[in-house]
Amino acid sequence: MKNQARGFTLIELIVVILILGILAAIAAPRFINLTSQARIAALNGLRAAVSSAATLANALTVAQGNTAGQPITIEGSVTVLMTNYYPSSAGGGIDAAVRFDAATFATAAPAMTFQVSAAPTIAACAFLYTAAPSTTQPATIGTAVTTGC
């Protein structure tokens with residue numbers, strides 16, 4: 004009986020390593036950009052939460068028959084300041100209604116600007132919440148700016 008060697012040749016191993024290197028060089032740039040996409044998704048999620056919180060706060064204040072600026076209490080213990088039947092853009096207004104993670108998102112005055120605090124350019128990864136200007140107009144939630152995420 005003949006003894007035959009088993010295993011890979013040096014050429015086969017080099018070809019496999021070369022193919023893996025090429026695949027890694029092509030795939031790596033696609034995965035590097037995932038953090039930016041994650042920040043954009045988080046910002047859009049917060050924007051949707053702010054929109055829902057404003058709508059729910061408005062529905063609650065109307066259902067209770069409150070006056071235009073009367074604060075409401077949600078979940079039994081959180082007081083939300085209201086302006087023209089919608090959450091105020093001051094502290095204790097929409098930020099209290101949403102109860103977002105302050106370590107991940109920051110707010111800035113004068114209107115409530117929600118920003119992703121981990122973004123490279125914080126001001127360019129944000130959206131603006133403006134309280135209702137009158138009792139006949141709703142609060143406005145600006146389009147999210149994502150160029151700095």
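Numbering follows our numbering, with no gaps: position 104 of the sequence shown is 107. C-beta atoms are modelled at their ideal positions from N, C-alpha and C, and glycine is treated no differently. From a predicted model like this one, the values you see are computed outputs, not experimental measurements.
Asked, Found
"Checking the sheet assignment: what are the DSSP bridge partners for residue 117?", "110 and 130"
"Please tell me whether residue 117 and residue 21 are closer than 7 angstroms, where the distance is taken between their beta carbons.", "no"
"Could you pull out every residue in the same chain whose Cβ sits closer than 6 angstroms to the Cβ of residue 142, ignoring the five residues on either side in sequence?", "57, 89, 134 and 135"
"For residue 144, which residues does DSSP report across the bridge?", "132"
"Along the chain, where does the beta strand (DSSP E) that runs through residue 82 open and close?", "81 to 83"
"Is residue 32 helix, strand or coil by DSSP?", "helix"
"So, for residue 150: in the same chain, excluding its five sequence neighbours on each side, which residues have a beta-carbon less than 7 angstroms away from its beta-carbon?", "127"
"Taking the alpha helix (DSSP H) that residue 97 falls in, what are its first and last residues?", "97 to 101"
"Considering only their Cβ atoms, is the gap separating residue 83 from residue 60 smaller than 7 angstroms?", "yes"
"Just mark residue 137 as buried or exposed, buried being the case when its beta carbon has 16 or more other beta carbons within 10 Å.", "exposed"
"By alpha-carbon positions, which one of 139, 92 and 101 ends up nearest to residue 131?", "92"
"Note down the Cα distance separating residue 43 from residue 33, rounded to an integer number of angstroms.", "16 angstroms"
"Compare the C-alpha of residue 71 against each of 105, 78 and 86 and name the closest.", "86"
"Whole angstroms is fine: what's the gap from residue 24's alpha carbon to residue 35's?", "17 angstroms"
"On the CB-based measure, 16 or more other CB atoms within 10 Å of its CB, does residue 129 come out buried or exposed?", "buried"
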